[in-house]
Amino acid sequence: MQKKKIAVLFGGCSSEHEVSRVSAFSVIQNLPRDKYEIVRVGITKDGRWFLYTGPDEKIPTGEWEQSDEKKRAFLSPDRGIGGFVVESSEGFTTLPVDCVFPVLHGRNGEDGTIQGLLELSGLPFVGCGTLSSAVCMDKAITHALLSNAGIHCANYLWFFRTSYTGDGIRKIKTKIEARLGYPVFVKPANSGSSVGVTKVNSEAELDAAVAAAAAESDKILVEEAVCGQEVECAVLGNTDPKAAPIVGEIVASAEFYDYDDKYKNGTSKLNIPAHLDDDVAAQIRTTAQRAFRLLGCRGFARVDFFVRNGKEILLNELNTIPGFTPISMYPKLWDASGVSYSELLDRLIQLSFQDDAQDFKK
Ligand SMILES: Nc1ncnc2c1ncn2[C@@H]1O[C@H](COP(=O)(O)OP(=O)(O)O)[C@@H](O)[C@H]1O
Ligand SMILES: [Mg+2]
7 MQKKKIAVLF GGCSSEHEVS RVSAFSVIQN LPRDKYEIVR VGITKDGRWF LYTGPDEKIP
67 TGEWEQSDEK KRAFLSPDRG IGGFVVESSE GFTTLPVDCV FPVLHGRNGE DGTIQGLLEL
127 SGLPFVGCGT LSSAVCMDKA ITHALLSNAG IHCANYLWFF RTSYTGDGIR KIKTKIEARL
187 GYPVFVKPAN SGSSVGVTKV NSEAELDAAV AAAAAESDKI LVEEAVCGQE VECAVLGNTD
247 PKAAPIVGEI VASAEFYDYD DKYKNGTSKL NIPAHLDDDV AAQIRTTAQR AFRLLGCRGF
307 ARVDFFVRNG KEILLNELNT IPGFTPISMY PKLWDASGVS YSELLDRLIQ LSFQDDAQDF
367 KK
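The sequence shown lines up with residues 7 to 368 when you count with the working numbering.
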């Protein structure tokens, strides 16, 4: 059997660029080589695309950008090309691929932009399509749709950063006081990896938190601070998605699960399985599957929850390209459920070839 050519996209114009490189390195290392040939395509933080043919070890460190073993390469929306246009000494050559795996986190990677280009290209690709990626990237829109379907989230409000000026500041502060009370979490509506997220204990701390969130996003979300457990559920599939049998829990070492706790210190603890009653875990899995379908996800998503008092379930967010670093929860939950990292990657690619993942071709 001829090997399928899989293009792994990494990096990207995103505050999560570095995390993406680490995720992509471990995806590349674990893709089954007997079935797949890998094409590595790096996107710099300022948005230049390269076909990279050097050692994989230079991907997580970012050294690949200084390497000579790269050529400019662009994913073509032209379905006649079916892959990349690569710059060469003769001008341009084409590099068709069978599937694209965007291992990109955050803006310009997980938010529907790349997915739109991939849909135009007509290529099978791993993960959610344009609409569901865009919806899940915007926490205010996600909350509105989920609440509408009776899936509970933390109490929240949102505003455009341009409203937080002059008289607007007082109005927003009054609403926060009336609807939520302190402490609250202030976060950019569309960022990830906790970048720009702040816990605010009193009104005096609000300005700085809004400024931090505004640096990431036009829309700012303010949520009641939920005191409870942080639980994550791994969902896999297209129109009939399944949640991993084992649900995981994060025990943050900092005051909350911030960027350093996620990626740098390695001091946060994971409980796999989560310390939850069986019926609560079952309810989390069902809710995760429902939210996945409701928002039109496909392929995979990690659905994150808060659990208050060991029983009240609040959906926090859906991550449509969950972390794939060696310490990431999504692959760990499948591994604990008997699906190894390599097997999981194989399943994700197989899912991208199914008819129910190719709606954009109709
Ligand atoms: N309403 C909330 N109550 C309690 N903790 C929260 C709340 N919102 C966010 N957090 C904390 O901040 C972290 C990052 O927020 P999250 O909404 O998950 O954004 P991101 O997309 O950056 O992961 C969460 O993992 C959690 O530790
Ligand atoms: Mg999160």
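Backbone N, C-alpha and C fix where the C-beta goes; we use that ideal spot for every residue, glycine too.
Assuming residue i and residue j are in contact, meaning their beta carbons sit under 8 Å apart, how far apart are those beta carbons, in whole angstroms?
i      : j      : result
LEU110 : GLY18  : 4 Å
VAL253 : VAL237 : 6 Å
PHE306 : VAL241 : 7 Å
VAL132 : SER358 : 5 Å
ILE192 : VAL216 : Reading the sequence as shown, one finds Val at residue 192 and not Ile. The Cβ separation is near 6 Å, so the contact holds.
GLU230 : ALA160 : 5 Å
LEU350 : PRO337 : 6 Å
TYR265 : VAL201 : 6 Å
GLU63  : LYS11  : Between LYS11 and GLU63 the Cβ distance is about 22 Å, and since that is not below 8 Å, they are no contact.
PHE366 : GLY135 : 6 Å
VAL47  : PHE90  : 7 Å
PRO38  : ASP246 : 24 Å between Cβ atoms; not a contact.
SER326 : CYS105 : The amino acid occupying residue 326 in the given sequence is Thr; Ser does not appear at that position. With 8 Å as the limit, THR326 and CYS105 do not qualify as a contact, their Cβ atoms being about 17 Å apart.
PHE165 : ILE175 : With a Cβ gap of about 10 Å, PHE165 and ILE175 do not count as contacting.
In the DSSP assignment, find the unbroken alpha helix (DSSP H) run with residue i in it and report its ends.
i      : result
PHE31  : 23-36
SER127 : 119-127
Within the continuous beta strand (DSSP E) that includes residue i, where are the two ends?
i      : result
LYS64  : No beta strand (DSSP E) holds LYS64; the alpha helix (DSSP H) holding it covers 64-67.
GLY135 : Per DSSP, GLY135 belongs to no beta strand (DSSP E) and is neither H nor E.
ALA79  : 76-81
LYS11  : 10-17
VAL47  : 42-49
SER73  : First-last for SER73: undefined, no H or E at that position.
GLN235 : 235-243
PRO108 : 105-108
THR99  : 97-102
GLU325 : Note that residue 325 corresponds to Asn in the displayed sequence, not to Glu. Taken as a continuous stretch (DSSP letters only), the beta strand (DSSP E) holding ASN325 covers 318-325.
GLY86  : Looking at the DSSP string, GLY86 is not in any beta strand (DSSP E), and its letter there is neither H nor E.
GLY254 : 254-257
PHE56  : 55-58
VAL228 : 225-230
Considering only the beta carbon of each residue, do residue i and residue j sit closer than 8 Å?
i      : j      : result
LEU212 : TYR162 : no
LEU301 : LEU321 : no
ASP117 : ARG167 : no
LEU151 : LEU123 : no
LEU339 : ALA250 : yes
PRO189 : ASN207 : yes
ILE65  : PHE107 : no
LEU101 : LEU57  : yes
GLU93  : ARG78  : yes
HIS158 : ILE319 : yes
GLY115 : SER32  : no
SER21  : GLU222 : yes
PRO328 : ARG299 : no
GLU71  : THR59  : no
SER138 : CYS239 : no
ASP4   : GLY316 : It is not possible to answer for residue 4, since the shown part of the chain is limited to 7 through 368.
ARG314 : GLY234 : yes
LEU276 : GLU261 : no
ARG113 : ASN244 : no
THR204 : ALA220 : no
HIS23  : LYS51  : yes
ALA287 : ALA280 : yes
List the DSSP bridge partners of residue i.
i      : result
TYR301 : According to the sequence displayed, residue 301 carries Leu and not Tyr. LEU301 pairs with nothing; no bridge assigned.
ASP310 : GLU238, GLU323
LYS248 : LEU242
GLU3   : Any answer about residue 3 is impossible in this case: the structure gives the chain only from 7 up to 368.
Mind checking whether the beta-carbon of residue i lies closer than 7 Å to any heavy atom of ligand 4?
i      : result
GLU349 : Within the structure as shown, ligand 4 is missing, the only ligands being ligand 1 and ligand 2.
Whole runs of the beta strand (DSSP E) within the region 139-218, excluding any shorter than 3 residues: You should have 162-166, 190-194, 204-206.
Suppose only complete runs of 3+ residues qualify. What are the beta strand (DSSP E) ranges in the region 264-295, listed by chain order? Runs found: 275-277.
List in chain order: all unbroken alpha helix (DSSP H) runs of 4+ residues lying wholly within the region 327-352. Correct list: 335-342.
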